[in-house]
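Asker: First the structure, then my questions, so here it is.
Numbering (my numbering), first residue to last: 976 to 1084.
The following block contains the structure:
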């Protein structure tokens, strides 16, 4: 659930359970640690905060939101074929949706 899209708050920084204040505004937290993707947003703390804020300037389009929801609700990965294959091998299970319906019967039977 996205608290902004759900109408709970107008901005992610207003939601008490969001890491936005830590990542975008430099608030302190003993729970949140910078991860590699966040560190990749800039060389300095200021650049990382500004880069993080920029991520929230544009809404995702409905197609992307739908892809994220389907992957999340189905327990699937969301990425290109190579990424999905690597994740499938790591987990030892399918990570993309299968074809709907029953499998076709073998014509020789």
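Using N, Cα and C, we set each Cβ at its ideal position, and we do this for glycine too. Quick caveat: nothing in here was measured; it's all calculated off a predicted structure.
Assign residue 1075 to buried or exposed, taking buried as 16 or more other Cβ atoms, counted over all protein chains shown, within 10 Å of its Cβ.
Answerer: exposed
Asker: With distance defined between alpha-carbon atoms, name the residue in 1012, 992 and 1014 nearest to residue 1004.
Answerer: 992
Asker: How long is the line joining the alpha carbons of residue 1025 and residue 1058, rounded to whole angstroms?
Answerer: 29 angstroms
Asker: Tell me which residue opens and which closes the alpha helix (DSSP H) that residue 1038 is part of.
Answerer: 1037-1049
Asker: Grab the span of the alpha helix (DSSP H) containing residue 991 for me, first residue to last.
Answerer: No alpha helix (DSSP H) holds residue 991; DSSP gives it neither H nor E.
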